[in-house]
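Accompanying notes for the structure given below.
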Amino acid sequence: MSFAALRDNQGIIMVNDSDKYPRIRKAVAADVEAAHKILNFFAEQGLLLPRSLSELYDHLRDYFVLEMDQGEIIQGICGLGICWSDLAEIESLAISDEQQGKGFGRKLVDACLGEARFLGINRVFTLTYVPDFFLKRGFREVDKAVLPQKIWADCLKCPKFPNCDETALMLDLKEPAF
Ligand SMILES: CC(C)(COP(=O)(O)OP(=O)(O)OC[C@H]1O[C@@H](n2cnc3c(N)ncnc32)[C@H](O)[C@@H]1OP(=O)(O)O)[C@@H](O)C(=O)NCCC(=O)NCCS
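Here the sequence shown stands for residues 55 to 232, where the numbers follow my numbering.
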């Protein structure tokens, strides 16, 4: 899993040397409204935590997005939130309905994992309703109790709190396959 953050000719940070479309790149402010629509479309189905525009702007630097063609609105998003010295969270992963099943979800997660490694963070967890997707990426199910209290601040905003029915999964990037 290699990771290189390069800038295109407009100064936008893209992943690896992908100047070809579709591409994965870091989010910019102009992506936020589209990201908000994608995330909240799935949040209304109970698949994700809803995100406000304010939260997305606050954490803009956490996000990678999927851009299908130059100048088109983004079709996918995923964030890497840093929790502690050796712990980060994959959050707000969503691919628009029409682009699902083409490997883009995997690429967005790989971009987040690559950034975690670049930052020297070896443990990455997620809370999800699609554990099988993450199990295929090498994540392993863990007891939610092993996650630090700090992360539960976000859960207070969840309509399901305190009856969380998401699965917690963790990936150790130091393991040989990664
Ligand atoms: C879950 C989601 C992000 C997957 O993205 P995607 O681009 O469709 O997935 P990919 O094409 O990259 O699939 C990668 C692998 O995961 C598998 N996969 C995809 N979606 C899956 C799911 N819901 N459950 C189990 N496995 C899944 C694929 O079959 C593929 O397997 P393979 O490597 O053996 O071929 C996407 O379906 C989505 O946005 N869903 C709605 C929002 C959501 O549920 N987000 C997850 C919250 S954590």
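Backbone N, C-alpha and C define an ideal beta-carbon position, used for all residues, glycine too.
Query: Three or more C-beta pairs below 8 Å linking the segment 150-162 and the segment 195-202; Result: no
Query: Distance CB(ALA148)-CB(LEU225) smaller than 7 Å; Result: no
Query: Integer Cβ distance of PHE187 from ALA222, believed to fall under 8 Å; Result: With 8 Å as the limit, PHE187 and ALA222 do not qualify as a contact, their Cβ atoms being about 14 Å apart.
Query: Cβ shell of ILE205 (< 7 Å), same chain only, five flanking positions each side left out; Result: CYS137, GLU143
Query: Neighbourhood of ALA83 by C-beta distance below 8 Å, restricted to the same chain and skipping five residues each side; Result: TYR111, LEU114
Query: Exposed unless 16 or more other CB atoms sit within 10 angstroms - verdict on LYS74; Result: exposed
Query: Outcome for LYS91 when other beta-carbon atoms lying within 10 angstroms are tallied against a minimum of 16; Result: exposed
Query: Whether TYR117 touches ALA81 by CB criterion (7 Å); Result: yes
Query: Burial state of LEU181 (16 or more Cβ within 10 Å); Result: buried
Query: Under the three-state DSSP convention, the category ARG177 falls into; Result: strand
Query: Beta-carbon separation (whole angstroms), GLU121 vs GLY135, contact threshold 8 Å; Result: GLU121 to GLY135, Cβ: 21 Å. No contact.
Query: Contact check, CYS166 vs CYS132, beta carbons under 7 Å; Result: yes
Query: Cβ distance (whole Å) where GLN129 is taken to contact SER150 below 8 Å; Result: 4 Å
Query: Minimum C-alpha distance to ASP140 - residue among LEU107, ASP62, ARG171, LYS211; Result: ARG171
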